[in-house]
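Participant:
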Amino acid sequence: MATEQGRVTAIKENNAIVRTRRSSACEGCREKENCSVVEGGKEMEFEASNIPNAQVGDTVDVEMKTGLLLLLSFFLYVFPILLMFAGALIGSYLAPHFNGDPSLFAAVFGFAFFIGAFGVVKLKDRQAAKTGKYRPVIVRIRKTGNKAEA
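In terms of our numbering, the sequence shown opens at residue 127 and continues consecutively.
1) Are the Cβ atoms of residue 186 and residue 268 separated by less than 9 Å?
2) Is residue 235 near residue 249, with beta carbons less than 9 Å apart?
3) Where does residue 252 sit, in a helix, a strand or coil, going by DSSP?
4) Let's see if you can read the secondary structure: which residues bound the beta strand (DSSP E) around residue 172?
5) Is the Cβ-Cβ distance between residue 173 and residue 204 less than 9 Å?
6) So, helix, strand or coil for residue 265, using DSSP?
7) Is residue 255 buried or exposed, if buried means 16 or more other CB atoms sit within 10 Å of its CB?
8) Are there 16 or more other CB atoms within 10 angstroms of the CB of residue 177, so buried, or fewer, so exposed?
9) By DSSP, does residue 188 sit in helix, in strand, or in coil?
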């Protein structure tokens, strides 16, 4: 499990907006600049399931399953590349049937499949946002407001 500590900045229905400092795990990520980053890139915000009913100002522990992180990373980074290669192979296969240049067909189909893959990723992202299936979960309240828990 990947665990981060953060502070609840807002409540949104059954979820909480959590602000956390970038961890060492963020340093190795090539996409760290594309996260929901605030205050010059030192902190980031994300939405988490608020099972323990944390309130604004609470310091919380947030978890996300490591396997889930790997699956989402694969889907975001590897899936589009695999589809691009599949499109290129299909394009080069279809080119002789249409008296076309195999390289041109491979490039066009590869690019189209690559763009299509991001459409699929976006669609799946919207579905996941509705269900909350891939959302991080607040597992513990460390401090309530400004007072330490008993």
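Note that beta-carbon positions come from the ideal geometry of N, C-alpha and C, so glycine has one too. The structure presented is a predicted model; accordingly, all values stated were derived computationally and were not measured.
Facilitator: Quick look at the numbers:
1) yes
2) No.
3) helix
4) 169 to 175
5) no
6) In the displayed model, residue 265 falls within a strand according to three-state DSSP.
7) Classified as exposed, residue 255 has fewer than 16 neighbouring CB atoms from the shown chains inside 10 Å of its CB.
8) exposed
9) strand
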